[in-house]
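If you want this note's numbering, it's the 1-based position in the sequence shown plus 911. In this text, a Cβ means the ideal position worked out from N, Cα and C, and glycines have one as well. Treat the numbers as computed from the prediction; the structure is a model and nothing was measured. Take a look at the structure set out below.
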Amino acid sequence: MPWTAPQDGGEAPRHAAARLDLGAASHVGHVRSLNEDRFLVAPESGLFAVADGMGGHAAGDVASSAVVQALATIAPAGSAGDLLARAKAGIATANAEIQSVAQARGTVVGTTVAALLVFAPHFACLWSGDSRIYRVRDGRIAQLSHDHTEIQSLLDRGVLTPEEASAWPGRNAVTRAIGVQARPEIELDHGLLEPGDLFVLCSDGLTQHVADWEIFDLCAGVCAQAACDALVSLTLTRGARDNVTVVAVRYLGDPTPGGAAREGDRA
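If you want it as structure tokens, here you go:
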């Protein structure tokens, strides 16, 4: 699957330039006939995303494409707040487009989204559904997103234990998705970047087969692209019951003095 936005080339933005190590990989898996996942890698605007068209619904690929394309059209922003506002507006535009498709087809159409916004030294995460955003920092991995699923709701309320949840029949049902409601339901987290931070965005096709600690291990000591390739490869060896998509973004720090940041720099 091609990069939605170029890794290199073009004039580096004069604002919030940062050195980034980037990677992405996507595979249809061993069961599905169509890859309904889409991803975005756009360092020039500081936008990265994974969208997973809702499995079992018509036109899931149309929905995921709508979200990614809306984000891909966003020009470099003038501030972190401006970038966040533009991303939210883009998702709202995609939400309306998906609703129009659903109405025309007389069916439910939707997609998850997990988006990372980078405007150094700030970052923000936006998500809806069960596509995840992880951060590896100081030798630890943390899930920054919180799944919008029935199973996560039951876990949060203490109705199920993690052991019971692993065998729960409705564990893949999402409670939020872009295109399902008149207004998009998205959640937000934000913070400050630290050099060496690695963000991993993924569809649930990865986390159905790969544990958090394995994501951490496979990302250790390798460039972002090698990490993505290794994560998808491990998923395929374990059956890959769904489409699987991974985007990795490592923040290498501010641009070197006297020179523009090189988008897509490798560690």
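How many Å lie between residue i and residue j at the Cα?
i     : j     : result
F1034 : A991  : 8 Å
D1128 : D1041 : 22 Å
E947  : S937  : 10 Å
P1032 : A970  : 38 Å
L1104 : N1083 : 32 Å
For residue i, which residues of its own chain have a beta-carbon under 6 Å away from its beta-carbon, when the five flanking residues on both sides are left out?
i     : result
G1017 : none
Q1092 : none
G1081 : E1061
F1030 : A927, G957, A991 and L994
Which same chain residues, not among the five before or five after residue i, have their C-beta less than 7 Å away from its C-beta?
i     : result
P1095 : I1002, A1003, N1006, S1039 and I1089
Report yes if the CB atom of residue i is closer than 9 Å to the CB atom of residue j, and no otherwise.
i     : j     : result
V973  : V1020 : yes
T886  : G1116 : No information on residue 886 is available, as it lies outside the stretch 912 to 1178 that the chain covers here.
I1044 : V939  : no
L1163 : A988  : no
A996  : A1026 : no
A1138 : A1159 : yes
A935  : V952  : yes
D1153 : R943  : yes
On a Cα-Cα basis, can you pick out the residue from the options that is closest to residue i?
i     : options                       : result
T1086 : F1030, L1142 and E1098        : E1098
V979  : A962, G989, R943 and L994     : A962
Q1063 : A1076, S975 and Q1054         : A1076
F950  : A983, Q1010, A1131 and D1140  : A983
E1125 : A1053, G964, G971 and G1102   : A1053
A1119 : G1132, A1137, D1100 and L1142 : Per the sequence shown, the amino acid found at residue 1119 is Gln instead of Ala. Ranking the options by Cα distance to Q1119, first place goes to L1142.
R1161 : V1133, S1144, L1147 and D1153 : V1133
L1145 : L1071, D1123 and D1058        : D1123
L911  : I1009, A1135 and A1151        : It is not possible to answer for residue 911, since the shown part of the chain is limited to 912 through 1178.
Distance cutoff 9 Å, beta carbons only. Does residue i sit that close to anything in chain B?
i     : result
F1127 : This model lacks chain B altogether; it includes just one protein chain.
So, at 8 Å on beta carbons, what are the nonlocal neighbours of residue i in its own chain, with the 5 sequence-adjacent residues on each side left out?
i     : result
R1149 : H1120 and V1121
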